[in-house]
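**Q** There's a structure below that I have some questions on.
Protein chains: 2
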Amino acid sequence: MDFSVIGKNYHRQDGLPKAKGTAKYVADLKFDNMLYGKILRSPHAHAKVLSIDITRAKELPGVIGIVTPEDCPETKFNMAGFPPGEDFPLPQDQLILTDHPLYVGDPICAVAAVSERVAEEALQLIDIEYEVLPHVIDRHEAIKDDAVQIKEDGNVISRFPLAWGDVDQAFAEADVIVENRYTTQKAYQCSIEPSSGVVAMWNDMKRLVVYSPTQMPHLVRRILAQALDVRPGDIEVIKPHVGGGFGSRLGVVACEPIAALLSKQTGKPVKIIYTREESLENTEQRHPITYEIKTAAKADGTLIGHDMKAIVDTGAYATHGPSIGILAGLWGLTMFKTPHVRYEGITTSTNTMYNGAYRGYGNPQSVWAVEQQMDLIAEKLNIDPIDLRRKNMLQEGDVWPWSGYPIESCGLPECLDKGEEIIGWKEKRANKQNDGVKKRGLGVATMMHVSGAKPILHELSSAFVKFNEDGTANLLIGSAEIGQGCNTALMQICAEELGINYEDVIVPENVNTDYTMFDIGSHASRQVYSTGHAVKKASAEAKEKLLQVASAMLGVHPNELDAKEGKIFVKKDPEKFVTHADANLEAHFRHDGKQIWGACSENPPGNPPVYAAHFAEVEVDVETGEIKVVNFVAAHDTGVMINPNLVYGQIQGAIQHGLGYSLTEEVQICQETGRVLNPDLVNYKVFTMEDMPDFDIVVVEAAAKSSSHGQKSVGESGLVPTAAAISNAVYDAIGVRITDLPITPEKVLKALGKLTPTV
Amino acid sequence: MDFSVIGKNYHRQDGLPKAKGTAKYVADLKFDNMLYGKILRSPHAHAKVLSIDITRAKELPGVIGIVTPEDCPETKFNMAGFPPGEDFPLPQDQLILTDHPLYVGDPICAVAAVSERVAEEALQLIDIEYEVLPHVIDRHEAIKDDAVQIKEDGNVISRFPLAWGDVDQAFAEADVIVENRYTTQKAYQCSIEPSSGVVAMWNDMKRLVVYSPTQMPHLVRRILAQALDVRPGDIEVIKPHVGGGFGSRLGVVACEPIAALLSKQTGKPVKIIYTREESLENTEQRHPITYEIKTAAKADGTLIGHDMKAIVDTGAYATHGPSIGILAGLWGLTMFKTPHVRYEGITTSTNTMYNGAYRGYGNPQSVWAVEQQMDLIAEKLNIDPIDLRRKNMLQEGDVWPWSGYPIESCGLPECLDKGEEIIGWKEKRANKQNDGVKKRGLGVATMMHVSGAKPILHELSSAFVKFNEDGTANLLIGSAEIGQGCNTALMQICAEELGINYEDVIVPENVNTDYTMFDIGSHASRQVYSTGHAVKKASAEAKEKLLQVASAMLGVHPNELDAKEGKIFVKKDPEKFVTHADANLEAHFRHDGKQIWGACSENPPGNPPVYAAHFAEVEVDVETGEIKVVNFVAAHDTGVMINPNLVYGQIQGAIQHGLGYSLTEEVQICQETGRVLNPDLVNYKVFTMEDMPDFDIVVVEAAAKSSSHGQKSVGESGLVPTAAAISNAVYDAIGVRITDLPITPEKVLKALGKLTPTV
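Sequence order for the protein chains is E and A. For the first sequence, numbering that gives the first Met the number 0 assigns the number 0 to the initial residue and increments by one for each residue that follows. For the second sequence, numbering that gives the first Met the number 0 assigns the number 0 to the initial residue and increments by one for each residue that follows.
Shown next, in the form of structure tokens:
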């Protein structure tokens, strides 16, 4: 396609202030008379608060406010959102502060003081009497009938059954059946900016202003309103610069409503900034899931059935638990043509910090299970693993059972071809390196992912575009730039459609819910497809009006005009033109006086799937168990790249995220105490730049038909198949399969029978 | 009319923060690394700068930046706006900093330092060599052929001729001719917040952010762009709370571009706040005008002709001078039916601070002349002055020659009737109090004024309304709340049209040009009529969409529905309803997912005139010359009052303004030096609460047909006829007419022949 702005590597809109350090994050914000809040959290995994005595704390000089469970509205809410009234309501089971803590860290009180130090000190002076109750940390224990019951209505908060075809018949007809159990860990998103912080202040207009580094300003407003028992319109949410999200900023984090309560009580702005430790211990992370899965195939490799059960650990509160219970099945079970499927997704509470969204939202776990099943089948049938995927994958024109939307385009075949070539699949599989100690292997895994949250959510996106008198345009969007570069991509879409230059589109640094229309925000890899759709439509409306003005100026019919790079020209005679500046000056001041604008608020038309195939070459040291990723190829169908550098950047970062998830990262919780054992970046082993292998990225631009310019998505997909590819490669190297994430040297040695039980 | 929100005295939107002191004015703003700017001004009324040496100033610790004329773009501009490309371009004759100062105070350099004190000190260390040039301060001197020539193309910057009918014929046919000369003074708007201040900062998005307490954010952006030679889209203007404007904040005040230059040079935010003295000496004030006017009438009082010349003193630069030259004639000459008119408006430069807009924009001066002529005629013909006005006034259905727009409604007859009654006109005129020393008299004067700037300006107004999911609505407007309460009135219009409650409309405290559509701002008494029109249309669009949603919910045709007070109900069966909250939740999350919004950017349809008659009873002490206003009645036709308290408040304040203009206020300039002699509130005698007489306000609500809810205007009209009414009353009391403003005791005594020449 002939684009003038799309497809080019413009510098990101927020690059310079971020590089220079002038971009303001929530921690940088200061306001007159601002207080600092700290949260007193439960030291017990399960307890009843018998009494709270704040006398001593109140007397500490510099303490201005203290809130306890008595200061909270009685309305329960869900941090993840989707309050009653929406299509997919989630259970509402949380209070802002609790006298019945369900995990180590459950907020009980909070203090606002003149400094963080004073607030910290005051926490020590709050005297709380607890009745410690029995707890359950392990999800497998929690679902047992005789388990400690965490909540009145039982530990299991949802059971999602799914079935199509006749799975029993599939197994009866199968030539090969493979069955296994796969488990995944709790993992931390680890954005550079710790994942929670807020400044909240009630003003004298009777409104609450909240600076929140959120992925969804408009939904935070909505959830916060429910938590505080006010109207969404009473709240103004402002999203400043954000240092990465990856799902950790979906919905409300506990500090927003707590800061709002403290501000209400003190009449002053209250800032709460989580430390890295608080972020690691007390924010929503990836759900640990256990899969029991049995898969049936015919002798030619045709997949005919899956029977799967998942046990999802939601932690102490519901939040995203029920939707993960659904999706942790759907993702994997719908990525290949499979005529017979049975699934049950069981979501259980445990006395741990509640889990939430993390890049992929159940898909990495799901693919971890299903893509290892595929390799088991390939091995049994002696089919090349890549060929097995080729045989079973959904094709363009099929309907994706996950979303019910058509597969508008499918770049997976090309991803498989190119990845196979680049990694040297055939020759390396044929000539394995194996020096006895260091053994090499190759693995592949594929995935499908969404470009939006439809049909689970009504995916409202909006945009408002206004032309200034100089031909520049302000683009107002309620979507959330969280570091991924979506503003830059949306500015390119706007510029392309308006026919102006990238530099002529202006998007505010912050998102403000008072000024922007409703957009459900940055999640489900949706911004560039869904908000992009709204931006395109709003821009098209503005362009149409502008062409009418130019038509009068040039004396030709609007249909004969087009606009590009700041000029509106006669298509047949491009030397005949007016500039956008001319036409907009005319529109403002001479042409019966109307500023030109366009607006759109609607659901996008579809949800085109994206594809990826990851190829890993690993070298396993059978003496130390160490796994070295020697080569890595990520081949992605992202649809048309609006800004290639940003697309590559997303994939690069996701590989790093995915390799950490595969090999090193796990939030460890003590079964006895419920405490996080490694709440810092020394002991939570995030994958660093130094750990990164050589890698290649292949992008296939299989254009989606329903999107504004062929784009699909890239935000989450990059880490979805990584762990399965690594595990498949490890198996290829050493002949043992690790089914529990992360794949640590200990587990390798244990699987090889080399670890003595005493270690 | 049956309104539920309009016509009620809701508390002003910004009342609480202003009352509590939490409202942020520009002087309250603080930013990281912010510097403080001070301006070095010419000490000479006319000079050439021969050299500037900033060496010593640069060495002063704490001085971060210094700008001189060399640092300015070469583009000339006009502080008042209307750059080339618009319908009514004003001469572009100013630079940000000059090496050819034309008045005492003309900015030459500016310093940015870590504190105001250091900046002040640095100004003393800048060494400037001047060649002092001859100057001219008096406008009558300035227009003489042999006057000092201030500018290359002469002192007279515009001559506006106007004529209709045959004025010579009128004087030939006249039964009575009166002729006189009237002069007016330079007067200061005296807003509570001194009239200039700014914080300007270039950010790393390559954009200039300017906090300006302006009456016209979008036009300031435009003018500033021209001054700085950048695009309007490169600038984000934010208007914080403003403590009164009255015209003093029309366009750019010198400090905005100067702060922008300093910020560009230093890379830091720069704040400049004028002191009261700077505000009195160096901001735009009311034009002094001299009128020579001859008026012809028939024996029955029928006015048949005016022949008038005005000499307008624009000061050192053009700014508003040419448009005042036009309007200072048009206002008075078109308020009565007058078949023959000749006018010449001569605008001349002088070596004084340039003048600008002040409530009424030439109308108080014009009425000062014409309404005294009316009394001269009434006296000569022995007609009651009120009856003379009744006889000659324009009627509903006439076209107002000023604007060319029809007189949609005229409440002047009722104003005259009620005022005459309340002041006790007939009985008091018949039985004059006169104890020999203290003599009483009654006077009347009328006026017409506009509800907008059409047709002089393309009066673009805009509004954007979005419904939130709870039925509240955000209203985004680019108009400027400057203390007059227009936001409150516009919120009432929005609430009325949407059918929600006043409290459910949300308007941001600040105006931001990035987020709001183009609106030419608060001047020409235009916001409630013109922006009100846009608010109504945008709201009507949103309401129409909402009724469609409600229609589906209630199963009735949208035509059968209406909305009021937060409910959308079946007109024939009001118990059948959904709330706005219900319908908007449906719209967002269930009804195919669209947020409901409405937008409008356009010129309003007309410009309905407003009327007033002021009645003054004065008591003049013939020994001291003191004038005491004993009673005062202001009778105003404002159209429908959106918020009566705000309308009364406007009139109350304007009476005070008008009485000060009549009796005490004058910015005095030394003819020898060009310096302001009384640049403080001890010596500039603003009319205070203690000086205020008893007064009555009468409001006649003659609804305009073209306005959204019948409203017209009230912002400026309240002070327009005051001075003429006072002068007419003084004449009635003591038989001498003061024709030079203000009417001081000295002038009274002099007119009475009681002032010995030595005093």
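Just so you know, even glycine gets a beta-carbon here, dropped at the ideal spot from N, CA and C. For clarity, every value in this text was computed on a predicted model and none was experimentally measured.
Less than 9 angstroms separating the beta-carbons of residue 602 of chain E and residue 228 of chain A?
**A** To locate residue 602 of chain E, count along the first sequence from 1; it is residue 603. To locate residue 228 of chain A, count along the second sequence from 1; it is residue 229. Taking a C-beta distance under 9 angstroms as the contact criterion, residue 602 of chain E and residue 228 of chain A do not qualify as a contact pair.
**Q** Pick helix, strand or coil for residue 649 of chain A, following the three-state DSSP scheme.
**A** Position 650 of the second sequence, counted from the start, is the residue given in the question as residue 649 of chain A. The answer is helix: DSSP assigns residue 649 of chain A an H, G or I state.
**Q** Below 6 angstroms CB to CB, which residues in the same chain sit around residue 294 of chain A once its five sequence neighbours on both sides are set aside?
**A** The residue labelled residue 294 of chain A in the question sits at position 295 within the second sequence. So the qualifying residues of the chain are 177, 305, 372.
**Q** Please check the pair residue 116 of chain E and residue 738 of chain E, which I expect to be a contact at CB under 8 angstroms, by giving their CB distance rounded to whole angstroms.
**A** Within the first sequence, the letter at position 117 stands for residue 116 of chain E. Within the first sequence, the letter at position 739 stands for residue 738 of chain E. No, residue 116 of chain E and residue 738 of chain E are not in contact; Cβ-Cβ is about 47 angstroms, not under 8 angstroms.
**Q** So what does DSSP say about residue 624 of chain E, is it helix, strand or coil?
**A** Position 625 of the first sequence, counted from the start, is the residue given in the question as residue 624 of chain E. Here residue 624 of chain E sits in coil by DSSP.
**Q** Could you name the residues of the segment 503-517 of chain A whose beta carbon sits closer than 8 angstroms to any beta carbon of chain E, in the order they occur along the chain?
**A** Hits within the stretch, in order: 503, 505, 507, 508, 511, 513, 514, 516, 517.
**Q** Taking only beta carbons into account, state which residues of the segment 520-540 of chain A come closer than 8 angstroms to chain E, listed in chain order.
**A** none
**Q** Identify, in the order they occur along the chain, each residue of the same chain with its Cβ nearer than 6 angstroms to the Cβ of residue 523 of chain E, setting aside the five sequence neighbours on each side.
**A** In the first sequence, counting from the first residue as 1, residue 523 of chain E sits at position 524. Excluding five sequence positions before and after residue 523 of chain E, the CB atoms of its chain that fall closer than 6 angstroms to its own CB belong to 449, 451, 452, given in chain order.
**Q** Give me the residue from E:262, E:42, E:618, E:286 with the minimum Cα distance to residue 128 of chain E.
**A** In the first sequence, the residue the question calls residue 128 of chain E occupies position 129. Comparing Cα-Cα distances from residue 128 of chain E to each of E:262, E:42, E:618, E:286, the minimum goes to E:42.
**Q** Can you list the residues of chain A that residue 598 of chain E reaches, using a CB-CB cut of under 7 angstroms?
**A** By one-based count along the first sequence, residue 598 of chain E stands at place 599. Within chain A, the residues near residue 598 of chain E are 596, 598.
**Q** So who's on the other strand from residue 319 of chain E, going by DSSP bridges?
**A** As a first step, residue 319 of chain E is located in the first sequence; it is residue number 320 there, counting from the start. Looking at the DSSP assignment, residue 319 of chain E forms no beta bridge with any residue, so it has no partner.
**Q** List the residues of chain E that residue 705 of chain A touches, going by C-beta distances under 8 angstroms, in chain order.
**A** Residue numbering aside, residue 705 of chain A sits at position 706 when the second sequence is read from its first letter. Within 8 angstroms Cβ-Cβ: nothing; residue 705 of chain A doesn't reach chain E, min ~16 angstroms.
**Q** On the three-state DSSP scale, how would you describe residue 389 of chain E?
**A** Counting from one through the first sequence, the residue named residue 389 of chain E turns up at place 390. It is helical.
**Q** Measure from the C-beta of residue 13 of chain A to each C-beta in chain E and report whether the shortest distance is under 9 angstroms.
**A** Within the second sequence, the letter at position 14 stands for residue 13 of chain A. So yes, residue 13 of chain A belongs to the interface.
**Q** For the candidate residues A:455, A:472, A:456, A:457, whose alpha-carbon lies nearest to that of residue 463 of chain A?
**A** Translated into the one-based positions of the second sequence, residue 463 of chain A becomes position 464. With distances taken between Cα atoms, residue 463 of chain A lies closest to A:472.
**Q** Whose C-beta lies closer than 7 angstroms to the C-beta of residue 367 of chain E among residues of the same chain, with five residues either side of it excluded?
**A** Your numbering for residue 367 of chain E matches position 368 in the first sequence. Contacts found: 181, 183, 722, 723, 740.
**Q** Please report the distance separating the alpha-carbon of residue 272 of chain A from that of residue 195 of chain A.
**A** Here residue 272 of chain A refers to the residue found at position 273 when the second sequence is read from its first residue. Here residue 195 of chain A refers to the residue found at position 196 when the second sequence is read from its first residue. Using only the alpha carbons, I get a separation of about 6 angstroms.
**Q** Return the residues of the segment 443-466 of chain E that lie within a Cβ-Cβ distance of less than 8 angstroms from chain A, sorted by chain order.
**A** 457, 458, 459, 461, 463, 465
**Q** I'd like to know whether the C-beta atoms of residue 382 of chain E and residue 443 of chain E end up nearer to each other than 9 angstroms.
**A** Your numbering for residue 382 of chain E matches position 383 in the first sequence. Your numbering for residue 443 of chain E matches position 444 in the first sequence. Their beta carbons are not under 9 angstroms apart, which means residue 382 of chain E does not touch residue 443 of chain E by this criterion.
**Q** Would residue 672 of chain E pass as an interface residue toward chain A - the criterion being a Cβ-Cβ separation below 9 angstroms?
**A** Position 673 of the first sequence, counting from 1, holds the residue named residue 672 of chain E. No, residue 672 of chain E lies away from the interface with chain A (no Cβ there is under 9 angstroms from its Cβ).
**Q** Give the DSSP-derived three-state secondary structure of residue 601 of chain A in the structure shown.
**A** The residue you call residue 601 of chain A lines up with position 602 of the second sequence. Here residue 601 of chain A sits in strand by DSSP.
**Q** By how many angstroms is the C-alpha of residue 218 of chain A removed from the C-alpha of residue 35 of chain E?
**A** The count along the first sequence starts at 1 and reaches residue 35 of chain E at position 36. The count along the second sequence starts at 1 and reaches residue 218 of chain A at position 219. Between residue 35 of chain E and residue 218 of chain A, the C-alpha separation is close to 40 angstroms.
**Q** To the nearest angstrom, how far is it from the Cα of residue 476 of chain E to the Cα of residue 39 of chain E?
**A** The count along the first sequence starts at 1 and reaches residue 476 of chain E at position 477. The count along the first sequence starts at 1 and reaches residue 39 of chain E at position 40. So the two alpha carbons sit approximately 37 angstroms from each other.
**Q** For residue 49 of chain A versus residue 68 of chain A, is the C-beta spacing smaller than 9 angstroms?
**A** Counting from one through the second sequence, the residue named residue 49 of chain A turns up at place 50. Counting from one through the second sequence, the residue named residue 68 of chain A turns up at place 69. Taking 9 angstroms as the Cβ cut-off, residue 49 of chain A and residue 68 of chain A do not qualify as a contacting pair.
**Q** For the putative contact between residue 563 of chain E and residue 498 of chain E, defined by C-beta atoms under 8 angstroms, what is the C-beta separation to the nearest angstrom?
**A** Position 564 of the first sequence, counting from 1, holds the residue named residue 563 of chain E. Position 499 of the first sequence, counting from 1, holds the residue named residue 498 of chain E. Sure, about 5 angstroms apart at Cβ, within 8 angstroms.
**Q** Can you list the residues of chain E that residue 759 of chain A reaches, using a CB-CB cut of under 8 angstroms?
**A** Residue coverage of chain A in this structure runs from 0 to 758, which leaves residue 759 of chain A outside it and unanswerable.
**Q** Looking at the unbroken alpha helix (DSSP H) that takes in residue 128 of chain A, where does it start and where does it end?
**A** Taking the first residue of the second sequence as 1, we reach residue 128 of chain A at position 129. That residue, residue 128 of chain A, is in no alpha helix (DSSP H); its beta strand (DSSP E) goes 126-131.
**Q** Check whether the segment 10-30 of chain E touches the segment 247-259 of chain E, taking contact to mean three or more Cβ pairs, one atom from each stretch, closer than 8 angstroms.
**A** no
**Q** Going by C-alpha to C-alpha distance, which of E:622, E:90, E:118 sits closest to residue 79 of chain E?
**A** Working through the first sequence from its first residue, we reach residue 79 of chain E at position 80. Considering only alpha carbons, the answer is E:90.
**Q** Using 9 angstroms as the threshold, is the C-beta distance between residue 348 of chain A and residue 141 of chain A below it?
**A** Translated into the one-based positions of the second sequence, residue 348 of chain A becomes position 349. Translated into the one-based positions of the second sequence, residue 141 of chain A becomes position 142. Yes, the pair counts as a contact, with Cβ atoms nearer than the cut-off.
**Q** Quick check: the segment 666-683 of chain A against the segment 693-705 of chain A, are there 3 or more CB pairs under 8 angstroms?
**A** no
**Q** Alpha carbon to alpha carbon, how far is residue 51 of chain A from residue 587 of chain E?
**A** Mapped onto the second sequence, residue 51 of chain A falls at position 52. Mapped onto the first sequence, residue 587 of chain E falls at position 588. If you take the alpha carbons of residue 51 of chain A and residue 587 of chain E, they lie about 42 angstroms apart.
**Q** Would residue 114 of chain A be called buried (16 or more neighbouring beta carbons within 10 Å of its own) or exposed?
**A** Numbered from its first residue, the second sequence carries residue 114 of chain A at position 115. Classification for residue 114 of chain A: exposed.
**Q** Alpha carbons only, please: which of A:214, A:126, A:2 is nearest the one belonging to residue 509 of chain A?
**A** One-based indexing of the second sequence puts residue 509 of chain A at position 510. The closest CA to that of residue 509 of chain A, considering only A:214, A:126, A:2, is found on A:214.
**Q** Suppose you measure from the CA of residue 701 of chain A to the CA of residue 393 of chain A; what does that come to, to the nearest Å?
**A** For the purposes of this step, residue 701 of chain A is identified with residue 702 of the second sequence, where counting begins at 1. For the purposes of this step, residue 393 of chain A is identified with residue 394 of the second sequence, where counting begins at 1. Using only the alpha carbons, I get a separation of about 14 angstroms.
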